[in-house]
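Below is one structure, written out as structure tokens, with a few remarks after it.
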Amino acid sequence: DSGVTQTPKHLITATGQRVTLRCSPRSGDLSVYWYQQSLDQGLQFLIQYYNGEERAKGNILERFSAQQFPDLHSELNLSSLELGDSALYFCASSEGEGVTYEQYFGPGTRLTVT
Amino acid sequence: GENVEQHPSTLSVQEGDSAVIKCTYSDSASNYFPWYKQELGKRPQLIIDIRSNVGEKKDQRIAVTLNKTAKHFSLHITETQPEDSAVYFCAAYQRYGNKLVFGAGTILRVKS
């Protein structure tokens, strides 16, 4: 158990819908990262927040957005969902701002878009 | 941006043999290279990492080597065991965007 929690574990929704994935980092960690893992594309970095502020952006679609709240939990919002958005979404947390701090991954949320 | 290529995509070894996974990167400014192990249905976990100021790092049966000139780094697992079976991802720090770029992963199967 990494100490990072994600809810829900599984999510099944229809195309065009909007969903929110939630992540609680390890106690004391200030950075939260979001990753998308699909079968054909491996692990893709989406976005990073540090202490409430966006720090780095990866291949995140405009239909996706995220935020980190004052209690440091983070939410990833996915809208206008398409079949291709079906994937495993991981969040990870780390103590510091830079990527050289070890990232601890949560168990992931499996999103299925039908 | 950074491009990380990982080979092979699948690797089968006999228990007790060694396994080597190689990655190449493109950003000469990359200075941090972690390796993650992901067991089936589980989360990725950091197993070892190396920074650009060293050429090799070991942790028990696992070692990572870095060749900055050739821009490649490798994961070496010795005396493989069935529990080493997993997907292994390499990653490299990309200065532009301040992020990690991951390789596509290697499925390692250790046959007993």
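Each protein sequence line maps, in turn, to chains A and B. Terminal number for the first sequence in the working numbering: 115, no gaps in between. Terminal number for the second sequence in the working numbering: 140, no gaps in between. Beta carbons are placed, not taken as given, at the ideal position from N, Cα and C, and that holds for glycine.
Inset, instruction - May I have the straight-line CA-CA distance separating B:L94 from A:G17, to the nearest angstrom? - result: 45 Å
Inset, instruction - Could you check how far apart the C-beta atoms of A:D86 and A:L79 are, in whole angstroms? I think they sit under 8 Å. - result: 6 Å
Legend entry - B:G133 to B:Q34 span [Cα, whole Å]: Taking the CA atoms as reference points, B:G133 sits about 7 Å from B:Q34.
Legend entry - Separation of A:A67 from A:K10, as counted between CA atoms: 18 Å
Inset, instruction - Using three-state DSSP, classify B:E33 as helix, strand or coil. - result: strand
Inset, instruction - Report the residue ranges of all beta strand (DSSP E) runs contained in full by the region 44–92 of chain A; include only those spanning at least 3 residues, in chain order. - result: 54–58, 65–69 and 75–79
Inset, instruction - Evaluate the contact criterion for the region 80–93 of chain B versus the region 96–110 of chain A: three or more CB pairs, one atom per stretch, below 8 Å. - result: no
Inset, instruction - Consult DSSP for A:D2 and reduce its assignment to one of helix, strand or coil. - result: coil
Legend entry - Nearest-angstrom Cα separation, counted from A:L84 out to B:A114: 27 Å
Legend entry - Terminal residues of the beta strand (DSSP E) in which B:E84 lies: That run of the beta strand (DSSP E) goes E84 to D87.
Inset, instruction - Counting only the same chain and skipping the five closest in sequence on each side, list residues whose C-beta sits under 6 Å from that of B:I135. - result: T38 and V115
Inset, instruction - Using the Cα positions of B:V48 and B:V138, report the straight-line distance between them to the nearest angstrom. - result: 12 Å
Legend entry - Residues that B:P62 bridges to, as DSSP identifies them: B:D77
Inset, instruction - Locate the beta strand (DSSP E) running through A:Q161, then write down its first and last residues. - result: Any answer about residue 161 of chain A is impossible in this case: the structure gives chain A only from 2 up to 115.
Legend entry - 6 Å CB neighbourhood of A:L31 in its chain, flanking five on each side removed: Taken in chain order, the residues that qualify are Y51 and N52.
Inset, instruction - Going by DSSP, name the residue or residues bridged to B:K70. - result: In the DSSP assignment, B:K70 forms no beta bridge with any residue.
Legend entry - Cβ of A:F91 within 8 Å of any chain B Cβ: At least one chain B Cβ lies under 8 Å of A:F91.
Legend entry - Contact under 8 Å by Cβ, A:R23 with A:T8: yes
Inset, instruction - Give the single residue among B:Q42, B:S46 and B:Q122 whose Cα lies nearest to the Cα of B:I105. - result: Its Cα nearest to that of B:I105, the residue B:S46 stands out among B:Q42, B:S46 and B:Q122.
Inset, instruction - May I ask you to list, following chain order, the residues of the region 92–126 of chain B that have a beta carbon less than 7 Å from some beta carbon of chain A? - result: F117, Y121, G125 and N126
Legend entry - 8 Å Cβ cutoff met for A:A93 and A:V20: no
Inset, instruction - Going by CA-CA distance only, name the one from A:K58, A:L82 and A:I13 that's closest to A:V33. - result: A:K58
Inset, instruction - Assuming B:Y121 contacts B:Y60 (C-beta within less than 8 Å), just tell me the rounded distance between them. - result: 4 Å
Inset, instruction - Could you check the C-alpha separation between B:F130 and B:Q66 for me, to the nearest Å? - result: 13 Å
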